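*Asks:* The structure that follows is given in the form of structure tokens.
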Amino acid sequence: MNGVTIGQAAAFVGVTVKTVRHYHKLDLVKEPERDSSGYRRYGSAELLRLVQVRTLAAAGVPLAEIGPLLEADAALFAAALADVERQLTERIEELIARRDTLHRLADGDRALLPDRAVALLERLCGLGLPEDEVAATREGWVLARALVPEGFDDFLTHVEHALDDPGFVALSKRAIEATAWEPDDPRLAELATAAADHFLANPAHLKIVTGLQARTEAAARYHLIAHYGEEQGSATARGVALVEAKLRAAGIHIPRPDTH
1 MNGVTIGQAA
11 AFVGVTVKTV
21 RHYHKLDLVK
31 EPERDSSGYR
41 RYGSAELLRL
51 VQVRTLAAAG
61 VPLAEIGPLL
71 EADAALFAAA
81 LADVERQLTE
91 RIEELIARRD
101 TLHRLADGDR
111 ALLPDRAVAL
121 LERLCGLGLP
131 EDEVAATREG
141 WVLARALVPE
151 GFDDFLTHVE
161 HALDDPGFVA
171 LSKRAIEATA
181 WEPDDPRLAE
191 LATAAADHFL
201 ANPAHLKIVT
211 GLQARTEAAA
221 RYHLIAHYGE
231 EQGSATARGV
241 ALVEAKLRAA
251 GIHIPRPDTH
């Protein structure tokens, strides 16, 4: 009658009977012999082992590593615990990052774009750009960040500087107005000339156009970004094509749709 039943042992240690049996199956805790009544009785040695296994498992040590860990000497035990602590720290950091992403999901912009980009979008709204145009810009930036992540931060810097220039802002607003024009409107050519001249006179602003495409390694990604949201044959598409043609004529490298 020495010892306790498996149910009592599980309750004492703070686990379920199923968990105790799982420990037995993994050979983490030896099953005690049956007594004369046919019951397995858990003595102090088995209870201590159960406590040790449960404590290590609760601390995050994989069950497969607990057996060797309990058999290790003090130095190996300490080294193994340090490794488990490192792994747990990495998992904690990952979970914190996931939690932060969930918090950012409350704001759709912040889930997909860094705070700096969100601040710039708010600035565009403050400059009087239409809401639908800011939304299209947001989507284009999400795409740009995904396709050319290593160049996106520099791109934002170029945009920040350009928005300090009233001339650039005025051109941007005219370009938005032009989206409602007919594709053959003669004003498109005038606007394209003004835009190209502005970029050529302001190399820092030109990097808004060339900065990302210089990092894409292929024309395809550049065109996915630069021509996002355009409808084929629209005034916007023709206007962008005219600006690109004028920049190419001035010696600026702008990938063509048929290049690789």
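Anchor point for the sequence shown: position 218 equals 218 in the numbering used here, and the numbering is continuous, going up by one each time. Ideal Cβ placement from N, Cα and C applies to all residues, glycine included. Source: prediction; values computed, not measured.
1) For HIS205 versus ALA162, is the C-beta spacing smaller than 8 angstroms?
2) What is the DSSP secondary structure of TYR39, reduced to helix, strand or coil?
3) State buried or exposed for ALA117, treating a residue as buried only when at least 16 other CB atoms are found within 10 Å of its CB.
4) Using the C-alpha atoms, what's the distance from ASP197 back to LEU242?
5) Please report the residue range of the alpha helix (DSSP H) in which ARG187 lies.
6) For the structure I just gave you, are there three or more beta carbon pairs, one from the segment 112-128 and one from the segment 82-101, closer than 8 angstroms?
7) Does DSSP put VAL4 in a helix, a strand or coil?
8) Does the segment 179-191 come close enough to the segment 144-158 to have 3 or more Cβ pairs within less than 8 angstroms?
9) Give me the residue from VAL142, GLU244, ALA235 and GLU131 with the minimum Cα distance to ASP115.
10) Is the segment 75-83 touching the segment 35-54, taking contact as three or more C-beta pairs under 8 angstroms?
11) Between HIS24 and LEU63, what straight-line distance do the alpha-carbon atoms span, to the nearest angstrom?
12) Buried or exposed for ARG99, please, with buried defined as at least 16 other CB atoms from any protein chain shown within 10 angstroms of its CB.
13) Of the residues ARG256, ILE176 and ALA9, which one's Cα is nearest the Cα of PRO130?
14) Within 10 angstroms of the Cβ of GLU273, are there 16 or more other Cβ atoms? Answer buried if so, exposed if not.
15) Taking DSSP's pairing of strands, which residues face ARG34 in a bridge?
16) How many Å lie between ALA262 and GLU94 at the Cα?
17) Taking the alpha-carbon positions, what's the ASP153 to GLU139 distance?
18) Does the separation of the CB atoms of GLY43 and GLY3 fall below 8 angstroms?
19) Taking Cβ to Cβ, would you say THR210 is nearer than 8 angstroms to ILE252?
20) For ALA249 and ARG238, I'd like the C-alpha separation in whole angstroms.
21) Mind checking which residues open and close the alpha helix (DSSP H) that includes GLU122?
22) What's the C-alpha gap between SER172 and VAL134?
23) Let me know if PHE155 comes out buried or exposed under the rule of 16 or more other beta-carbons within 10 Å of its beta-carbon.
24) When the Cα of THR179 is compared with those of PRO203, LEU56 and GLY233, which residue comes out closest?
25) Within 10 angstroms of its Cβ, does PRO203 collect 16 or more other Cβ (buried), or is it exposed?
26) In the structure shown, what three-state DSSP assignment does THR179 receive?
27) Classify ALA218 as buried or exposed, calling it buried when 16 or more other Cβ atoms lie within 10 Å of its own Cβ.
*Replies:* With the given structure in hand:
1) yes
2) coil
3) buried
4) 12 angstroms
5) 187-201
6) Fewer than three Cβ pairs drawn from the segment 112-128 and the segment 82-101 lie within less than 8 angstroms of each other, which leaves the two stretches out of contact.
7) strand
8) The answer is no - the segment 144-158 does not touch the segment 179-191, with fewer than three Cβ pairs under 8 angstroms.
9) Nearest of VAL142, GLU244, ALA235 and GLU131 to ASP115, Cα basis: VAL142.
10) For the pair of segments examined, the segment 75-83 was found not to touch the segment 35-54: the number of CB pairs separated by less than 8 angstroms stays below three.
11) Distance between the alpha carbons of HIS24 and LEU63: 12 angstroms.
12) By the Cβ-count criterion, ARG99 is exposed, with fewer than 16 other Cβ atoms from all chains shown falling within 10 Å of its own Cβ.
13) The shortest Cα separation from PRO130 among ARG256, ILE176 and ALA9 belongs to ILE176.
14) Given a span of 1 to 260 for the chain in the structure shown, any question on residue 273 remains unanswerable.
15) ARG40
16) The chain is shown only over 1 to 260; residue 262 falls outside these bounds and no answer can be derived.
17) 16 angstroms
18) yes
19) Less than 8 angstroms separates the beta-carbon of THR210 from that of ILE252.
20) 16 angstroms
21) GLU122 -> alpha helix (DSSP H) spans 115-126.
22) 12 angstroms
23) buried
24) That would be GLY233, whose Cα lies nearest to the Cα of THR179.
25) exposed
26) coil
27) The pLDDT assigned to ALA218 is 49, lower than 50, so where the model puts this residue is not dependable; a value taken from the coordinates is nonetheless given after this. Exposed, by the Cβ-count rule.
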